[in-house]
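**Student:**
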Amino acid sequence: MYIIIRTYYYFDQPNKGYAIKDAWGDIVTFKTKQDALDYLNHVYGPVSNLQSAQSHYSQTGLYELRHNEHARPTFQIRKHNKGA
Numbered sequence: 002m003y004i005i006i007r008t009y010y011y012f013d014q015p016n017k018g019y020a021i022k023d024a025w026g027d028i029v030t031f032k033t034k035q036d037a038l039d040y041l042n043h044v045y046g047p048v049s050n051l052q053s054a055q056s057h058y059s060q061t062g063l064y065e066l067r068h069n070e071h072a073r074p075t076f077q078i079r080k081h082n083k084g085a
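Just so we're on the same page, this note's numbering is the position in the sequence shown counted from 1, plus 1.
(1) Over the uninterrupted alpha helix (DSSP H) stretch that includes A37, give me the two end residues.
(2) Counting C-beta neighbours from all protein chains within 10 Å, is the total for A85 16 or more, i.e. buried, or is it exposed?
(3) Given 8 Å as the limit, is there contact between the region 58-65 and the region 39-49, that is, 3 or more CB pairs closer than that?
(4) Note down the Cα distance separating R79 from D23, rounded to an integer number of angstroms.
(5) Using the beta-carbon count (16 or more within 10 Å), is F31 buried or exposed?
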C-alpha cells in the first residue's frame, strides 16, 4: 500500500507534510506507486518528478501562491503500513 504526503511551504510556519485524506478524513491509499501517480496527475493536473529525490513530485505549469506560501506544494509517494 502507498500513500501521498502533501507538503506546503509557508513563510511563517514550519514545513509539514500531511497524508492526503478523503472527504471522511480517512487516508487515501493506493495498491501501487503507479496508482498513486495516476491519482496525482488526475486530481492535481500534470506533475513532474523533482530532480532532488525519488518519489517527490510537484505540479507543473502555472501555480498561484496564496496564504503566505513561498513555493508550490510537493507530493511524496511512500509506502504505508496500515496500523503502524
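Ideal placement from N, C-alpha and C gives every residue a C-beta, glycine not left out.
**Tutor:** Once the coordinates are examined:
(1) 34-44
(2) In this prediction, A85 scores a pLDDT of 49, lower than 50, which makes its location untrustworthy; the coordinate-derived value is nonetheless stated afterwards. The residue is exposed, with fewer than 16 neighbouring Cβ atoms inside 10 Å.
(3) yes
(4) For R79 and D23, the distance between alpha carbons rounds to 17 Å.
(5) buried
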